[in-house]
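Shown next, in structure tokens, is the structure this report addresses.
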Amino acid sequence: MKLILLGAPGAGKGTQAEILSERLNIPTISTGNIIREALKNGTEMGLKAKSFMDAGQLVPDDVVIGIIEERLAKDDCKNGFILDGFPRTVPQAEALDQMGIIIDKAIDIDVADEVIEKRLSGRRVCEKCGASYHIDNKPSAKGDLCEKCGGALVIRKDDRPETIKQRLSVYHEQTEPLEGYYKKAGKLYVVKGEGSVAEITAKVIEAVEA
Numbered sequence: 007m008k009l010i011l012l013g014a015p016g017a018g019k020g021t022q023a024e025i026l027s028e029r030l031n032i033p034t035i036s037t038g039n040i041i042r043e044a045l046k047n048g049t050e051m052g053l054k055a056k057s058f059m060d061a062g063q064l065v066p067d068d069v070v071i072g073i074i075e076e077r078l079a080k081d082d083c084k085n086g087f088i089l090d091g092f093p094r095t096v097p098q099a100e101a102l103d104q105m106g107i108i109i110d111k112a113i114d115i116d117v118a119d120e121v122i123e124k125r126l127s128g129r130r131v132c133e134k135c136g137a138s139y140h141i142d143n144k145p146s147a148k149g150d151l152c153e154k155c156g157g158a159l160v161i162r163k164d165d166r167p168e169t170i171k172q173r174l175s176v177y178h179e180q181t182e183p184l185e186g187y188y189k190k191a192g193k194l195y196v197v198k199g200e201g202s203v204a205e206i207t208a209k210v211i212e213a214v215e216a
């Protein structure tokens, strides 16, 4: 099974990717993780990515696509994989098609912007150990301090309201058109991403097995 998980930042793709990976026994391929892996292993594409990152620039499409192609060629992808964070644009989806990789389903986890803003802006992270909390869904018993190590809980830059709005704006402009791309191909399955993790997981599994 070759799957793509779509959805705005904060839609819960990472959690669902982990659950599906374990259930289907196929790897989750996250763009950020494989770029870090390529850098660590010093692959040709990894070194190219490093040159852009060292210069403070975004890694261009052709390099990201090259890194994805390297990763999908590995043995553990023979029975399938879950792509999380790629493709981000229609040209990246077209590049995936040109590689001869046939995607079975694109699962779109649909969450309203206001729900995402509330989710992300309420997140707090321990500056010492990295433990994660949420002021509504998972508050620390110690208030503004981490239950585990007593470190101060802070708001990550990515979770500040102005940054969330910017990330959502970029998503709607660049990534949302993928819904139309995969709908046209008859591969889009939309799942409402609101409710408990277990409820969303049940809907995602139903879409995968449909």
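The sequence shown begins at 7 in our numbering and counts up one residue at a time.
Just so it is clear, CB atoms sit at the ideal spot from N, CA and C, and this is done for glycine as well.
All values reported here derive from a predicted model rather than from experimental measurement.
Contact under 8 Å by Cβ, residue i with residue j
i	j	result
Val196	Asp110	no
Arg290	Tyr139	Since the first residue of the chain shown is 7 and the last is 216, residue 290 is not available in this structure.
Asp90	Ala23	yes
Met7	Ile32	yes
Arg94	Gln172	no
Leu174	Asp119	yes
Glu123	Ile161	no
Whole-number beta carbon distance between residue j and residue i, since they are thought to touch under 8 Å
i	j	result
Ile88	Leu26	6 Å
Lys134	Gly157	3 Å
Glu76	Thr49	6 Å
Val121	Glu200	6 Å
Selection from the options that minimises the alpha carbon distance to residue i
i	options	result
Ser127	Asp67, Pro15, Gly91, Cys83	Pro15
Ala79	Met105, Tyr188, Ser175	Met105
Ile71	Ala61, Cys132, Ala44	Ala44
Thr37	Lys84, Asn85, Gln98, Gly86	Gln98
Gly13	Tyr177, Tyr187, Glu205, Lys154	Tyr177
Tyr4	Cys132, Ile108, Lys19	Summary: the structure shown does not reach residue 4, with the chain confined to residues 7 through 216, and so no result is reported for it.
Asp68	Lys46, Ala17, Leu102	Leu102
Val96	Glu168, Lys144, Gly201, Gly186	Gly186
Ala191	Glu205, Glu168, Ala216, Glu100	Glu100
Phe92	Asn39, Ala216, Glu205	Asn39
Leu159	Pro167, Glu168, Lys144	Lys144
Neighbour-count burial assignment, residue i, 16 or more Cβ in a 10 Å radius
i	result
Gly52	buried
Val214	buried
Asp165	buried
Arg29	exposed
Val203	exposed
Lys163	exposed
Phe58	exposed
Cys132	buried
Lys19	buried
Close Cβ partners of residue i (< 7 Å) along its chain, the five nearest in sequence each way excluded
i	result
Ile41	Ala55, Val65, Ile73
Asp82	Pro33
Thr21	Val203
Ala147	Glu153
Asn85	Ile32
Ile141	Gly128, Arg130
Neighbourhood of residue i by C-beta, 6 Å cutoff - its chain only, sequence neighbours within 5 removed
i	result
Leu9	Ile88, Lys111
Thr207	Ile25
Ala137	Cys152, Lys154
Gly62	none
Pro167	Ser127
His211	What sits at residue 211 in the sequence shown is Ile, not His. Once the five neighbours on either side are set aside, Ile211 has no close Cβ partner at all.
Same chain only: Cβ atoms within 8 Å of residue i, ignoring 5 sequence neighbours per side
i	result
Lys209	Val197, Lys198
Ala17	Ile115, Asp116, Val117, Ile122, Gly199
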